[in-house]
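K.L.:
To start, I am sharing the structure in question, which I have written as structure tokens.
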Amino acid sequence: MDPFEGEAAVPIEYEPRSVKDVLVEMKDTAELLIDLSYSAVLHRNEDLAREVLRLEERMDVLELQARMSLMLAVRNPDDAEQLAPVLGIVAAAGDISDAAGDIAKIVLEEVGLPEAMRAALPEATETLVRGVVASDSEYAGRTLVDIDLESVTGVRVIALRRGDEWLLNPGPETQIERDDVALLRGPEPAVDGVYETLTGEPYESPAIDAPDIEDLERAVDTIVHMKNLSELAVDLAYSSVLFDSEGIAEEVRNLEVEVDAMESRFEAWTLRAAADAEDPVVLRGLIQLGSSTEVISDAAVDISEGVLRDLEVHPVVQMAVEESDEIITRVVVEPESRLDGATVIGGVPDTESTMSIIAIRRPEEGWLLVGDTDTELEAGDVLISKGTRTAAEAFDDLSQEQERTP
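Per the numbering used here, residue 439 is the first one in the sequence shown, and the count goes up by one each step.
Below, the structure written as structure tokens:
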């Protein structure tokens with residue numbers, strides 16, 4: 439069932455808006471769409487799924503606006519050459535949006551999904567919930583800095599919807615208003631209290647049933663890993679554009695190859711699980727989820743295609759990506775450098791650097807997504823890290839600087 443069935447399509451006209459601003463909103467929207475769509479599936483949350491379709495509709499408008507602006511900007515062959523990769527980025531964001539919408543429809547159209555999907559949620563994972571601000575909520579009419587929600591509870595407001603207007607990445611001075619739709623992320627015990635204060639209603643945590651079919655358990659674990667790798671690929675793709683880095687773009691391609699290989703194994707395990715499932719029809723959603731996840735990793739490669747083809751990155755794209763507070767970088771641990779042998783604790787290397795390691799590609803072993811771990815770094819490891827620009831520069835120095843002997 440289409441939740442917007444019967445609604446007329448809104449006419450879209452050209453608006454004199456900068457391409458940079460449109461690209462910034464498209465990037466932020468694409469990243470939020472991935473997060474919301476998988477959360478909707480893992481939590482079986484129809485409200486979150488409907489927000490995905492609303493965002494998908496917004497992305498369609500942004501995509502058309504971007505295409506109109508880019509067409510008007512082309513005046514000669516040189517412009518066309520520089521702006522062609524920008525069109526690719528716009529189209530890739532649209533592909534991510536469509537894939538996220540297909541994922542959300544697994545919940546809304548009851549395509550079929552095994553209860554084992556909920557058991558795929560790691561114990562330490564953060565919960566993403568949607569709540570409507572009650573008129574008598576103590577948060578209504580106050581700014582985020584005044585509430586100081588994240589410092590006090592660990593829960594973040596990652597987006598607000600006010601009618602048809604989306605406030606992505608709300609800042610300290612953003613004010614919460616009654617009837618706002620708030621998207622919250624944080625540890626589940628803390629989310630419970632914040633949700634009740636925000637909405638006036640208790641939050642009901644979903645029950646978790648462990649899978650009882652071995653092949654199904656493997657399939658579910660694989661799809662969650664594919665989702666994490668695809669999210670990482672999108673982050674890296676935008677960073678490859680920001681730095682015009684062929685090395686980072688190659689990592690995007692490496693991730694896409696890994697996701698493709700995992701999808702093949704995932705489909706095999708799902709088909710084998712169907713033989714033992716009481717109702718094989720409920721596995722249809724898993725197949726759709728795998729296909730959509732693979733589309734997202736393909737779109738990441740499309741974002742970085744201009745870099746891979748050695749086409750000059752248009753400055754407007756770099757300016758748009760640079761709007762992000764944090765950047766993602768790639769460094770290789772050199773033998774006997776200060777990172778060689780360092781441990782990773784909570785995603786942060788045991789050095790004075792404040793850069794956070796989010797993934798490691800180890801030759802001959804593949805990808806390791808880093809959370810709370812005591813993994814020891816080795817020479818030759820490719821580290822994917824997130825942090826401020828200053829921290830990124832210091833971290834790159836650490837990967838090469840030789841350990842000083844007293």
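Cβ atoms here follow ideal geometry from the backbone N, Cα and C, with glycine treated the same way.
Taking a contact to mean a Cβ-Cβ separation below 8 Å, would you say Glu581 touches Gly624 in this structure?
P.N.:
Strictly speaking, residue 581 in this sequence is Thr, with Glu absent from that position. No.
K.L.:
Taking the alpha carbon of Leu821 as the reference point, which residue from Ser535, Glu588, Gly685 has its own alpha carbon closest?
P.N.:
Among Ser535, Glu588, Gly685, the Cα nearest to that of Leu821 is on Gly685.
K.L.:
Exposed or buried, which one is Asp586 when buried takes at least 16 other CB atoms within 10 Å?
P.N.:
exposed
K.L.:
By the 10 Å Cβ neighbour count, where 16 or more other Cβ atoms means buried, how is Ala769 classified, buried or exposed?
P.N.:
The question names Ala, but residue 769 in the sequence shown is Val. Val769 is buried by the Cβ-count criterion.
K.L.:
By Cβ distance below 6 Å, which residues in the same chain neighbour Ile534 in space, the five residues on each side in sequence not counted?
P.N.:
So the qualifying residues of the chain are Ala468, Ile734, Ala737.
K.L.:
Quick check on the DSSP output: the alpha helix (DSSP H) that includes Thr591 runs from which residue to which?
P.N.:
587-591
K.L.:
Would you mind working out which of Val754, Ser702, Thr731 sits nearest Asp540, comparing C-alpha positions?
P.N.:
Nearest of Val754, Ser702, Thr731 to Asp540, Cα basis: Thr731.
K.L.:
Have a look at Leu749 and Gln520 and give me their C-alpha separation to the nearest angstrom.
P.N.:
7 Å
K.L.:
Could you tell me the distance, in whole angstroms, from the CA atom of Leu724 to the CA atom of Arg513?
P.N.:
47 Å
K.L.:
Tell me whether Arg513 sits in a helix, a strand or coil according to DSSP, three-state version.
P.N.:
Arg513: coil per DSSP, three-state reduction.
K.L.:
Going by the beta-carbon positions, is the gap between Arg722 and Gly550 smaller than 8 Å?
P.N.:
yes
K.L.:
Between Val690, Ser775, Arg747, Leu709, which lies nearest to Arg799 when the distance is taken from Cα to Cα?
P.N.:
Val690
K.L.:
Considering only DSSP beta bridges, list what Ala620 is partnered with.
P.N.:
Gly569, Leu598
K.L.:
Using a Cβ-Cβ distance under 8 Å, would Gly723 count as near chain B?
P.N.:
This model lacks chain B altogether, as it is built from one protein chain only.
K.L.:
Assuming contact is defined by CB atoms lying nearer than 8 Å, are Arg594 and Val619 in contact in what I supplied?
P.N.:
no
K.L.:
Within 10 Å of its beta-carbon, does Thr781 have 16 or more other beta-carbons around it, so buried, or fewer, so exposed?
P.N.:
exposed
K.L.:
For Glu684, report the span of its alpha helix (DSSP H) as first-last.
P.N.:
684-714
K.L.:
Can you tell me which of Arg505, Ala504, Leu622, Met506 puts its alpha carbon nearest to the alpha carbon of Leu470?
P.N.:
Leu622
K.L.:
Which of the three DSSP states is assigned to Val771 in this structure?
P.N.:
coil
K.L.:
Distance check for Ala529 and Val719, CA to CA, integer angstroms please.
P.N.:
Pairing Val719 with Ala529, the inter-Cα distance amounts to about 33 Å.
K.L.:
Which residues share a DSSP beta bridge with Ile766?
P.N.:
Lys824
K.L.:
Please name the residue, chosen from Asp574, Ser575, Gly728, Tyr633, that lies closest to Gly592 on a Cα-to-Cα basis.
P.N.:
Tyr633
K.L.:
Could you spell out the range, first to last residue, of the beta strand (DSSP E) harbouring Leu806?
P.N.:
804-807
K.L.:
May I ask you to report which of helix, strand or coil DSSP gives Arg722?
P.N.:
Three-state result, Arg722: helix.
K.L.:
With which residues is Arg580 paired in a DSSP beta bridge?
P.N.:
Ile614
K.L.:
Buried or exposed for Leu510, going by 16 or more other Cβ atoms inside 10 Å?
P.N.:
exposed
K.L.:
Would Pro523 be called buried (16 or more neighbouring beta carbons within 10 Å of its own) or exposed?
P.N.:
Pro523 counts as buried, since at least 16 other C-beta atoms from the protein chains shown sit within 10 angstroms of its C-beta.
K.L.:
For Asp740, count neighbouring C-beta atoms within 10 Å of its own C-beta (all shown protein chains included) and say buried if the count is 16 or more, exposed if not.
P.N.:
buried
K.L.:
Find out if the Cβ-Cβ distance for the pair Arg482, Val583 is shorter than 8 Å.
P.N.:
no
K.L.:
Which residue from Ala628, Ile596, Leu654, Ser575 puts its Cα closest to that of Glu615?
P.N.:
Ser575
K.L.:
Leu727 and Val457 - do their beta-carbons sit closer together than 8 Å?
P.N.:
No; because the gap between Cβ atoms is not below 8 Å, this pair is not in contact.
K.L.:
From Glu716 to Arg710, what does the alpha carbon distance come to, in whole angstroms?
P.N.:
13 Å
K.L.:
Which stretch, first to last residue, makes up the beta strand (DSSP E) that contains Ser643?
P.N.:
Where Ser643 is concerned, there is no enclosing beta strand (DSSP E), given that its DSSP letter is neither H nor E.
K.L.:
Let me know if Glu694 comes out buried or exposed under the rule of 16 or more other beta-carbons within 10 Å of its beta-carbon.
P.N.:
buried
K.L.:
Using beta-carbon positions only, say whether Leu474 and Glu489 come within less than 8 Å of one another.
P.N.:
yes
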